[in-house]
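Novice:
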Amino acid sequence: MRVLPDQTGIAKTFDYVVPEAWVGRVGVGSRVRIALGPRRVGAWVTEVDVDPPAGVTLKPLAKLSGHGPSAELIELARWAQWRWAAKTPVPFLRTASPERNVDGLPARPARTHPAAAVADPVVGPLLADALSGGPTVLRLPPTADLAAVAQGAASLGDALVICPSHRMARHLAVRLRRAGVPVALHPDEWARAAAGGCTVIGTRAAAWAPVPDLAAVVVLDEHDEVHQEERSPTWHARDVVVERARRRGVPCVLTSPMPTLEALRFARLVRADRATERAGWPATVVADRTEEPPGRNALFSPQLVDVVRSGARVLCVLNQKGRAALLGCAGCGEIVRCDACHAAVAKPGDELVCRRCGTTRPVICATCGSIDLKVIRMGVNRVVEDLEALSGERVVAVTAETPAAEVDSARLYVGTEAVLHQVGRADVVAFLDLDQELFAPRYRAAEQALGLVARAARIVGGRGEGGRVLLQTRAPEHEVCRAALLGDPERVAVVEDERREMLGFPPHIALAEVGDQAGEAFVAALVESAPPEVQVQGPVDGAWRVKAPDHQVLCDSLAAVHRPSGRLRLSVDPLRV
DNA sequence: CGGACAAGCTGA
DNA sequence: CAGCTTGTCCGG
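If you're matching positions, the first sequence starts at 1450 in this note's numbering and goes up one per residue.
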């Protein structure tokens, strides 16, 4: 048998003989252990009945560990290796394998009766169209019931449903089970999924879940960046399942209130009529701050004051990104400053670094010697105080660490975008400084800003349910504000697409980033061998950008380069550019 | 990946 | 030339 060792540094297969006793129990996809040189390592069986290379004496497989990815997923891993220019398929096969050894599969649930038709008034009428033919983008308002989409897919047979969060996956599993659909939650119920007869629900990694009789694929909130792996290889669950569905010839639906331009490029758009879509976005008030001089009270528009005084439950979002976060000492309360120049210091890694002069020192308070230093959310804390003064009520500052009990104890909340995850219900979400989002130095800034509005919509509800969003901005005519006002994400898509085309950014081209020690040698070899339509730019901050007309050309060119020794960072479709 | 072994540098 | 580091190759 031919096996691939479970070691990222070995991009090579080896042949072994199967011990007599295991014949029939081991095949393509089995997890095994092998003697490789002086040690034993895990491996996947990738081929059977092979002709071993001449002149090598085969050792027997050392151990049979259990079930692993099917032949279909091993093939898909090879494709992903090409698509994200990975050195080996190993990271994908790991994701496709169970967390613990699985040696037997549970009984397959009997399919009782076909699930009833989906009655949801927004989703229902669109499902048949969305689930027919090749990949589709199903643009639904943010308040649409996503469980209805999952249920529609499950009515075709065993579906694979990819969610942006584990929370949503669990919630959906409960909803579908209640509707009589057998469900396996990935990765906990890997064996149940592998046995078949279930709809499989999970997050990004579930793109690699076993679904032997796959009948349909759904990606929920396709625009959400969590669907992409941040570490190299930077694979995207959407692209993996679109390819998986294509190979199986099954329907594939990508839902989103504001689909990415990438998805719209290869998928057919299905959407609700204008009135239905608009009704599913919250009523939006744009507070124009153009006339307001910059300063602390720039964060409180008359519209915000009205809302706070109205008695409504209000969530204020203030993004810290790009702003100097201060460190405070938990021991003595002092602001931690630079020894040399007394400017505030930051802690980007394991040391304190001065923002002004770059001096570094260990993480310790110079006044009292404490090592317990906390980030002070200056902006949020100040707004909390001012809002308490304004309302005469207690205001809760919400961070990722705020305990759930406290989160529900007040009427007014202030926090970074974490509040949008932590507070479940409110009447109004107010973005105190939307311009932080609109003008952030990221090429997806506009999409991400509208993404926050969509997330707020899930908390406050659509305009029919009284949901309200307040956007404080100095750019009231910005397409994100227009899109939110009209409940029409197309406003952002059109402008953004033109901008990307002009700047030569995805999805109009395929992009990769090359860096680290071996980057220069790699790029030199690439320029030598790649066709002329592949352009290399840089280096900027030690990294090169590789642009090609499409992924076929880009990935073929990257795969053709012999990798020089030394550390190499290679990210196809990098998240931050 | 991790061990083996070879080729280069240092010190007496 | 031993003793150590650095690099390249190989495993079935």
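Every residue gets a Cβ at the ideal spot worked out from N, C-alpha and C, and that includes glycine.
1) Between which two residues does the beta strand (DSSP E) containing Ser1514 stretch?
2) Go ahead and pull the three-state DSSP assignment for Ala1973.
3) In three-state terms, what does DSSP make of Asp1607?
4) Using 10 angstroms around the beta-carbon of Asn1830, count the other beta-carbons present and answer buried if the total reaches 16, otherwise exposed.
5) Looking at the structure shown, is Ser2006 part of a helix, part of a strand, or coil, going by DSSP?
6) Measure the Cβ-Cβ separation of Val1878 and Val1845 and say whether it is below 8 angstroms.
7) For the putative contact between Asp1555 and Arg1641, defined by C-beta atoms under 8 angstroms, what is the C-beta separation to the nearest angstrom?
8) Can you tell me whether Asp1806 is buried or exposed? The criterion is at least 16 other CB atoms within 10 Å of its CB, across all chains shown.
9) Taking the beta carbon of Pro1731 as the centre, do at least 16 other beta carbons fall within 10 Å, making it buried, or is it exposed?
10) So, are the CB atoms of Thr1709 and Glu1896 less than 8 angstroms apart?
11) Fully enclosed by the segment 1636-1684, which beta strand (DSSP E) runs are 3 residues long or longer?
12) Closest by CA to Ala1613, which one among Glu1638, Ile1650, Val1630 and Leu1625?
13) Spatial neighbours of Gly1953 within its chain, please: CB distance less than 7 angstroms, with the 5 preceding and 5 following residues excluded, ordered by chain position.
14) Assuming contact is defined by CB atoms lying nearer than 8 angstroms, are His1676 and Val1666 in contact in what I supplied?
15) Taking just the CA atoms, how far does Arg1762 sit from Arg1723?
16) Within 10 Å of its beta-carbon, does Thr1506 have 16 or more other beta-carbons around it, so buried, or fewer, so exposed?
17) Look at Ala1596 and Leu1621 and say whether their C-beta atoms are less than 8 angstroms apart.
18) Measuring CA to CA, which of Leu2003, Val1735, Ala1664 and His1615 is closest to Asp1637?
19) Flag this pair as yes or no: are the beta carbons of Thr1585 and Val1690 separated by less than 8 angstroms?
20) Starting from Cys1612 and walking both ways along the beta strand (DSSP E), at which residues does that stretch end?
21) By a C-beta neighbour count over all protein chains shown, 10 Å radius and 16 as the cutoff for buried, is Ile2063 buried or exposed?
22) Once the 5 residues before and after Arg2016 are set aside, which same chain residues still bring their CB inside 7 angstroms of it?
23) Contact between the segment 1542-1549 and the segment 1512-1523: three or more CB pairs below 8 angstroms?
24) Near Leu2019, which residues of its chain fall below 6 angstroms by C-beta distance, leaving aside the five closest residues on each side in sequence?
25) List the residues that DSSP assigns as beta-bridge partners of Cys1781.
26) According to the Cβ coordinates, are Glu1678 and Arg1653 closer than 8 angstroms?
27) Among Ile1813, Gly1583, Val1785 and Arg1904, which has the Cα closest to the Cα of Leu1764?
28) Sorted by chain position, which residues of the same chain lie with C-beta nearer than 8 angstroms to Trp1639's C-beta, five sequence neighbours on each side aside?
29) Smallest Cα separation from Tyr1892: which of Gly1486, Gln1530 and Asp2022?
30) When you compare the CB positions of Ala1933 and Thr1733, do they come within less than 8 angstroms of one another, or not?
31) Considering just the uninterrupted stretch of the beta strand (DSSP E) at Asp1755, what are its terminal residues?
32) Using DSSP with H/G/I as helix, E/B as strand and the rest coil, what is Asp1569?
33) Which word fits Thr1537, buried or exposed, when buried means at least 16 other C-beta atoms lie within 10 angstroms of its C-beta?
34) For Pro1540, report the span of its alpha helix (DSSP H) as first-last.
35) Classify Cys1778 as buried or exposed, calling it buried when 16 or more other Cβ atoms lie within 10 Å of its own Cβ.
36) By DSSP, does Arg1765 sit in helix, in strand, or in coil?
Specialist: Taking the definition as stated:
1) Here the beta strand (DSSP E) through Ser1514 covers Lys1512 to Gly1515.
2) Taken through DSSP and simplified to helix, strand or coil, Ala1973 comes out as helix.
3) Three-state result, Asp1607: strand.
4) If you draw a 10 Å sphere on the C-beta of Asn1830, you find fewer than 16 other C-beta atoms in it, and that means exposed.
5) Three-state result, Ser2006: helix.
6) In this structure, Val1878 sits away from Val1845, with a CB-CB distance that is not shorter than 8 angstroms.
7) For the sequence presented, residue 1555 should be read as Pro rather than Asp. Your pair Pro1555 and Arg1641 checks out as a contact, with CB atoms roughly 6 angstroms apart and the cut at 8 angstroms.
8) Residue identity differs from the one stated: residue 1806 is Cys in this sequence, not Asp. Cys1806 comes out exposed.
9) By the neighbour-count definition (other C-beta atoms within 10 Å, threshold 16), Pro1731 is a buried residue.
10) With contacts defined by Cβ atoms closer than 8 angstroms, Thr1709 and Glu1896 form a contacting pair.
11) Taken in chain order, the unbroken stretches of beta strand (DSSP E) that lie wholly in the segment 1636-1684 and span 3 residues or more are 1648-1651 and 1663-1668.
12) This sequence places Pro at residue 1613; Ala is not what is there. Out of Glu1638, Ile1650, Val1630 and Leu1625, the CA that lies nearest to the CA of Pro1613 is found in Ile1650.
13) Lys1996, listed in sequence order.
14) Not in contact: His1676 and Val1666 (Cβ atoms no closer than 8 angstroms).
15) When rounded, the distance between both Cα atoms is 29 angstroms.
16) Exposed, because fewer than 16 other Cβ atoms sit within 10 Å of the Cβ of Thr1506.
17) The criterion of a C-beta distance shorter than 8 angstroms is satisfied by Ala1596 and Leu1621.
18) It is His1615 whose Cα lies nearest to the Cα of Asp1637.
19) No, the pair does not count as a contact, with Cβ atoms beyond the cut-off.
20) For Cys1612, no beta strand (DSSP E) run applies, since DSSP gives it neither H nor E.
21) Absent from the structure is residue 2063, since the part of the chain shown begins at 1450 and ends at 2026.
22) Counting only Cβ-Cβ distances below 7 angstroms, and skipping sequence neighbours, we find Asp1965, Gln1966 and Ala1967.
23) Contact between the segment 1542-1549 and the segment 1512-1523 is present: three or more C-beta pairs spanning the two stretches fall below 8 angstroms.
24) If we look at Leu2019 and ignore the five residues flanking it on each side, its Cβ neighbours are Ala1534 and Val1963.
25) When beta bridges are read from the DSSP output, Cys1781 appears opposite no residue.
26) The beta carbons of Glu1678 and Arg1653 sit closer together than 8 angstroms.
27) When only C-alpha atoms are compared, the closest one is Arg1904.
28) Cβ within range, chain order: Pro1547, Glu1548, Val1551, Ala1633, Ala1658 and Pro1659.
29) Of the listed residues, the one whose Cα sits closest to Tyr1892 is Asp2022.
30) The answer is yes: Cβ separation under 8 angstroms.
31) According to the DSSP assignment, Asp1755 belongs to no beta strand (DSSP E) but to the alpha helix (DSSP H) extending over Pro1751 to Arg1758.
32) Three-state DSSP puts Asp1569 in coil, outside helix and strand.
33) Classification for Thr1537: buried.
34) Where Pro1540 is concerned, the enclosing alpha helix (DSSP H) starts and stops at Val1539 to Thr1544.
35) Of the other Cβ atoms in all chains shown, 16 or more fall within 10 Å of the Cβ of Cys1778; this residue is therefore buried.
36) A quick correction: the sequence has Cys, not Arg, at residue 1765. In the structure shown, Cys1765 sits in a strand (DSSP, three-state: E or B).
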